[in-house]
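Engineer: Okay, here's the structure, questions in a sec.
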Amino acid sequence: MDERAVSPVVAKTLAAGLAVLYVAGMTSMLLGGVVPSYETGAGGELSERVLATAAETVETAVPDAEGTVRATRSVELPPTIQDTSYRLELVNGSLRLDHPDDRLDESITLSLPAGTTLEPGTWTSGGEFQIRVSGPASNRTVTLDQ
Amino acid sequence: MRAQTELPAIGIAFLLLTVVVVLVVGAANTALTAAERPAIEQQEAAGLSDQLVSQQASITSRANVLDAAELPALTASDLRQEYDLSPGHDARVRLDGDPIAVAGDPTGGTTVDRLVVLERRVERTLQPAFTNNRSVTLPRRTPNATLEIDPPAGTVVRSVRADDRILLRNQSGLRGEFDISLSRYETVRLSFETAGVLSTGDVRIVYYPAKTRKATLTVTVDA
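Those protein sequences? They're chains V and W, same order as listed. FYI, the numbering for the first sequence is 1 to 146, going by the working numbering. FYI, the numbering for the second sequence is 1 to 223, going by the working numbering.
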């Protein structure tokens, strides 16, 4: 009966091993499957809203009126999406959000009065999103401040 | 075997822990779903409806006033090209519930309602009697009018004035049909300078006053 004292040691080791396995399993399941999909979901939602806010800023900056305008409009946008900086590109009549994670890329066609020219440009997140509108009603130019 | 009683206890603890984790993940899921809203779709619908009622749009006669005569000409490709609907997005435009233009096949989507004025030009004809004077006031404002001058023999209509502005003038006499443009911002009094007598039927004025009513423009965009 010299080995009687071994029994609690075995039991405790077994229990500790089970606990470690459980915690490891749970952690890998959460971090490997659940959390990244939530991050992508939240990031996608955020990028959609960022793009919608930026597009709204551009669209409201261009007035539907006669005469020459010279206006600047700016809006505060989040510096990062999913801890990574992103870019907003003004190309070909649309505003595009470019994120290193391609699943978060979004694009929207800007609704602007006829005769509005969009100067191609890129804004990198970090500062204020600022645009300038100038020119007469027949030829308004929208420029993205870098 | 006495020490093995710990195992069921650990099992129950893990079970409880698992239940808690599942509940928390479920709560996080609900929170994320509740925060979701179609931001781009909303922006697109608002932008499209803005462009449709802007004063530059081809279906409006001025800001927020839709021209009933131009509405049937609105097509799906107009929505994409003239009014900047994103390619790949579907849209439907309705006026008081009646579809005007559909691009693609929108199911669900975001809807923006706008209160607009629907303007219709109606044709009215006026035959002034010229009892005491040689002028007539158009009862309604109109951007243009057509004059048919057919004076009797012996009468010469030398000029026609709108308020103080000379519209038509011919010393040897005006006769026939004339299209004139007028200001739609003021009531117009047409005066005829004649040598001789004018009576009912000698001058016929066709003018186009606006008839307006309120309507709801509904724009649905399905991203």
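Note that CB positions come from ideal geometry on N, CA and C, so glycine has one too. Everything numeric in this text was worked out from a predicted model, so none of it was measured.
1) Mind listing which residues of the region 113-126 of chain V have their C-beta closer than 7 angstroms to chain W's C-betas, in chain order?
2) Identify, in the order they occur along the chain, each residue of the same chain with its Cβ nearer than 7 angstroms to the Cβ of I166 of chain W, setting aside the five sequence neighbours on each side.
3) If we ignore side chains and look at the alpha-carbon of each, how far apart do V35 of chain V and P8 of chain V end up?
4) Is it buried or exposed for P139 of chain W, if we count other Cβ within 10 angstroms and need 16 for buried?
5) Give the secondary structure of R49 of chain V by DSSP, where H, G and I count as helix, E and B as strand, and everything else as coil.
6) Under 9 angstroms Cβ-Cβ, which residues of chain V neighbour Y83 of chain W?
7) Are at least three pairs of beta-carbons, each pair with one atom in the region 90-98 of chain V and one in the region 49-69 of chain V, less than 8 angstroms apart?
8) What is the DSSP secondary structure of F129 of chain V, reduced to helix, strand or coil?
9) Please go through the same chain and pick out, in chain order, the residues whose beta-carbon is closer than 8 angstroms to the beta-carbon of S85 of chain V, but skip the five residues on each side of it.
10) Check the Cβ of I108 of chain V against every Cβ in chain W and list those closer than 7 angstroms, keeping chain order.
11) With 16 other CB atoms within 10 Å as the buried threshold, where does L23 of chain W fall?
12) Consult DSSP for N92 of chain V and reduce its assignment to one of helix, strand or coil.
13) In angstroms with no decimal places, state the Cα-to-Cα distance between R70 of chain V and T143 of chain V.
14) If you measure from the beta carbon of S54 of chain W to each beta carbon in chain V, is any gap under 8 angstroms?
15) So, is the C-beta of V25 of chain W closer than 8 angstroms to a C-beta in chain V?
16) Where does S181 of chain W land, buried or exposed, given buried means 16+ other C-beta within 10 angstroms?
17) Based on Cα-Cα distance, which residue from W:Q127, W:G108, W:V116 and W:A76 lies nearest to V102 of chain W?
18) Taking only three categories from DSSP, how would you classify D101 of chain V?
19) Assign V21 of chain W to one of three DSSP states: helix, strand, or coil.
Structural biologist: Reading it off the structure:
1) P113 and A114
2) Locating residue 166 of chain W in the second sequence gives position 166, counting from the first residue. Hits under 7 angstroms: S159.
3) For the purposes of this step, residue 35 of chain V is identified with residue 35 of the first sequence, where counting begins at 1. For the purposes of this step, residue 8 of chain V is identified with residue 8 of the first sequence, where counting begins at 1. C-alpha separation (whole angstroms): 38 angstroms.
4) Looking up residue 139 of chain W in the second sequence gives position 139. P139 of chain W comes out exposed.
5) Translated into positions along the first sequence, residue 49 of chain V becomes position 49. If DSSP states are grouped into helix, strand and coil, R49 of chain V belongs with the helices.
6) Translated into the one-based positions of the second sequence, residue 83 of chain W becomes position 83. Here the neighbours are S111.
7) yes
8) Stepping through the first sequence from its first residue, residue 129 of chain V is reached at position 129. Residue state, collapsed to three classes: strand.
9) Residue 85 of chain V sits at position 85 when you count from the first residue of the first sequence. So the qualifying residues of the chain are P79, T124, S125 and G126.
10) Residue numbering aside, residue 108 of chain V sits at position 108 when the first sequence is read from its first letter. Correct list: I40, Q43, E44 and S86.
11) Against the second sequence, residue 23 of chain W aligns to sequence position 23. Exposed, since its Cβ has fewer than 16 Cβ neighbours within 10 Å.
12) The residue labelled residue 92 of chain V in the question sits at position 92 within the first sequence. N92 of chain V falls in the coil class under three-state DSSP.
13) In the first sequence, the residue the question calls residue 70 of chain V occupies position 70. In the first sequence, the residue the question calls residue 143 of chain V occupies position 143. For R70 of chain V and T143 of chain V, the distance between alpha carbons rounds to 11 angstroms.
14) Taking the first residue of the second sequence as position 1, residue 54 of chain W is located at position 54. Closer than 8 angstroms: yes.
15) Sequence index remark: in the second sequence, residue 25 of chain W carries index 25 (1-based). At least one chain V Cβ lies under 8 angstroms of V25 of chain W.
16) One-based indexing of the second sequence puts residue 181 of chain W at position 181. The residue is exposed, with fewer than 16 neighbouring Cβ atoms inside 10 Å.
17) Indexing the second sequence from 1 puts residue 102 of chain W at position 102. Closest by alpha carbon: W:A76.
18) If you number the first sequence from 1, residue 101 of chain V lands on position 101. Looking at D101 of chain V - three-state DSSP - the assignment turns out to be coil, as it is neither helix nor strand.
19) The residue given as residue 21 of chain W occupies position 21 in the second sequence. DSSP places V21 of chain W in helix when its eight states are reduced to three.
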